[in-house]
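Chemist:
Numbering (the working numbering), first residue to last: 1 to 116.
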(Lines of atoms letter the chains of each structure in order from A and count residues from 1; the text may use other names and numbers.)
(Lines give C-alpha, C1' and ligand atoms only; values in the text may rest on other atoms or scores of the structure.)
Protein backbone atom coordinates (compact mmCIF):
# COMPACT_ATOMS: atom_id res chain seq x y z
CA UNK A 1 0.00 0.00 0.00
CA UNK A 2 2.91 2.35 0.67
CA UNK A 3 3.77 2.61 -3.03
CA UNK A 4 0.29 2.29 -4.55
CA UNK A 5 -0.10 5.99 -5.30
CA UNK A 6 3.40 6.34 -6.74
CA UNK A 7 3.08 3.18 -8.85
CA UNK A 8 -0.32 4.29 -10.13
CA UNK A 9 0.97 7.72 -11.14
CA UNK A 10 3.87 6.11 -13.06
CA UNK A 11 1.48 3.68 -14.75
CA UNK A 12 -0.86 6.48 -15.79
CA UNK A 13 1.99 8.60 -17.15
CA UNK A 14 3.56 5.72 -19.07
CA UNK A 15 0.15 4.81 -20.51
CA UNK A 16 -0.35 8.41 -21.65
CA UNK A 17 3.08 8.43 -23.30
CA UNK A 18 2.36 5.13 -25.05
CA UNK A 19 -0.99 6.33 -26.40
CA UNK A 20 0.37 9.68 -27.60
CA UNK A 21 3.67 8.37 -28.96
CA UNK A 22 6.04 10.63 -30.83
CA UNK A 23 6.99 7.70 -33.04
CA UNK A 24 4.69 7.61 -36.04
CA UNK A 25 5.94 4.35 -37.54
CA UNK A 26 3.37 1.77 -38.65
CA UNK A 27 2.12 -0.43 -35.83
CA UNK A 28 0.75 -3.95 -35.58
CA UNK A 29 -1.67 -4.73 -32.75
CA UNK A 30 -2.18 -8.40 -31.90
CA UNK A 31 -4.98 -9.05 -29.43
CA UNK A 32 -7.87 -11.19 -28.32
CA UNK A 33 -11.50 -10.37 -27.56
CA UNK A 34 -11.23 -12.30 -24.28
CA UNK A 35 -7.99 -10.77 -22.96
CA UNK A 36 -8.63 -9.38 -19.45
CA UNK A 37 -5.31 -7.47 -19.42
CA UNK A 38 -5.52 -5.67 -22.76
CA UNK A 39 -9.23 -5.39 -23.40
CA UNK A 40 -10.72 -5.11 -26.85
CA UNK A 41 -12.16 -1.70 -25.94
CA UNK A 42 -8.83 -0.27 -24.77
CA UNK A 43 -7.01 -1.62 -27.82
CA UNK A 44 -9.67 -0.16 -30.10
CA UNK A 45 -9.23 3.24 -28.42
CA UNK A 46 -5.47 2.97 -28.92
CA UNK A 47 -5.95 2.08 -32.60
CA UNK A 48 -8.30 5.01 -33.14
CA UNK A 49 -5.98 7.41 -31.31
CA UNK A 50 -2.97 6.38 -33.35
CA UNK A 51 -4.90 6.51 -36.62
CA UNK A 52 -6.09 10.03 -35.76
CA UNK A 53 -2.39 10.93 -35.41
CA UNK A 54 -1.71 9.60 -38.91
CA UNK A 55 -0.16 6.33 -37.77
CA UNK A 56 -0.91 3.34 -39.99
CA UNK A 57 -2.25 0.60 -37.69
CA UNK A 58 -2.60 -3.03 -38.69
CA UNK A 59 -4.88 -5.08 -36.49
CA UNK A 60 -5.40 -8.75 -35.75
CA UNK A 61 -7.96 -9.75 -33.14
CA UNK A 62 -8.54 -13.40 -32.24
CA UNK A 63 -11.72 -14.58 -30.54
CA UNK A 64 -10.34 -16.58 -27.65
CA UNK A 65 -6.57 -16.65 -27.13
CA UNK A 66 -5.15 -15.79 -23.73
CA UNK A 67 -3.05 -12.69 -23.01
CA UNK A 68 0.22 -12.82 -25.00
CA UNK A 69 -0.54 -16.42 -26.04
CA UNK A 70 -1.84 -15.82 -29.56
CA UNK A 71 1.24 -17.41 -31.12
CA UNK A 72 0.78 -20.59 -29.11
CA UNK A 73 -2.83 -21.05 -30.19
CA UNK A 74 -2.71 -19.65 -33.74
CA UNK A 75 0.89 -20.16 -34.83
CA UNK A 76 0.40 -20.22 -38.63
CA UNK A 77 -2.05 -17.32 -38.65
CA UNK A 78 0.19 -15.33 -36.29
CA UNK A 79 3.23 -15.83 -38.52
CA UNK A 80 1.23 -14.95 -41.66
CA UNK A 81 -0.02 -11.77 -39.96
CA UNK A 82 3.55 -10.76 -39.12
CA UNK A 83 4.75 -11.53 -42.65
CA UNK A 84 1.92 -9.47 -44.17
CA UNK A 85 2.73 -6.58 -41.86
CA UNK A 86 6.45 -6.71 -42.69
CA UNK A 87 5.65 -6.91 -46.40
CA UNK A 88 3.43 -3.84 -46.09
CA UNK A 89 6.43 -1.86 -44.81
CA UNK A 90 8.40 -2.44 -48.04
CA UNK A 91 11.62 -2.71 -46.04
CA UNK A 92 13.34 -4.96 -48.55
CA UNK A 93 12.47 -2.63 -51.39
CA UNK A 94 13.76 0.38 -49.45
CA UNK A 95 16.98 -1.39 -48.52
CA UNK A 96 17.49 -2.37 -52.16
CA UNK A 97 16.95 1.24 -53.26
CA UNK A 98 19.52 2.41 -50.71
CA UNK A 99 22.02 -0.19 -51.94
CA UNK A 100 21.45 0.87 -55.56
CA UNK A 101 21.92 4.52 -54.62
CA UNK A 102 25.18 3.71 -52.80
CA UNK A 103 26.43 1.73 -55.82
CA UNK A 104 25.57 4.63 -58.14
CA UNK A 105 27.47 7.03 -55.88
CA UNK A 106 30.50 4.71 -55.95
CA UNK A 107 30.43 4.54 -59.76
CA UNK A 108 30.21 8.33 -59.98
CA UNK A 109 33.10 8.68 -57.53
CA UNK A 110 35.23 6.27 -59.59
CA UNK A 111 34.46 8.17 -62.81
CA UNK A 112 35.40 11.45 -61.16
CA UNK A 113 38.67 10.01 -59.86
CA UNK A 114 39.48 8.63 -63.33
CA UNK A 115 39.12 12.13 -64.81
CA UNK A 116 41.54 13.57 -62.26
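The C-beta atom is built at its ideal place from N, Cα and C for all residues, glycine as well.
If you check the beta carbons only, do residue 61 and residue 40 fall under 9 Å apart?
Modeler: Yes.
Chemist: So, for residue 56: in the same chain, excluding its five sequence neighbours on each side, which residues have a beta-carbon less than 6 Å away from its beta-carbon?
Modeler: Cβ within range, chain order: 26.
Chemist: Find the nearest neighbour of residue 32 within the set 72, 112, 5, 83, judged by alpha-carbon distance.
Modeler: Ranking the options by Cα distance to residue 32, first place goes to 72.
Chemist: Measure the alpha-carbon distance for residue 78 versus residue 92 and round it to whole angstroms.
Modeler: Each residue's Cα considered, the two are about 21 Å apart.
Chemist: Which of helix, strand or coil does DSSP assign to residue 58?
Modeler: Strand, per DSSP.
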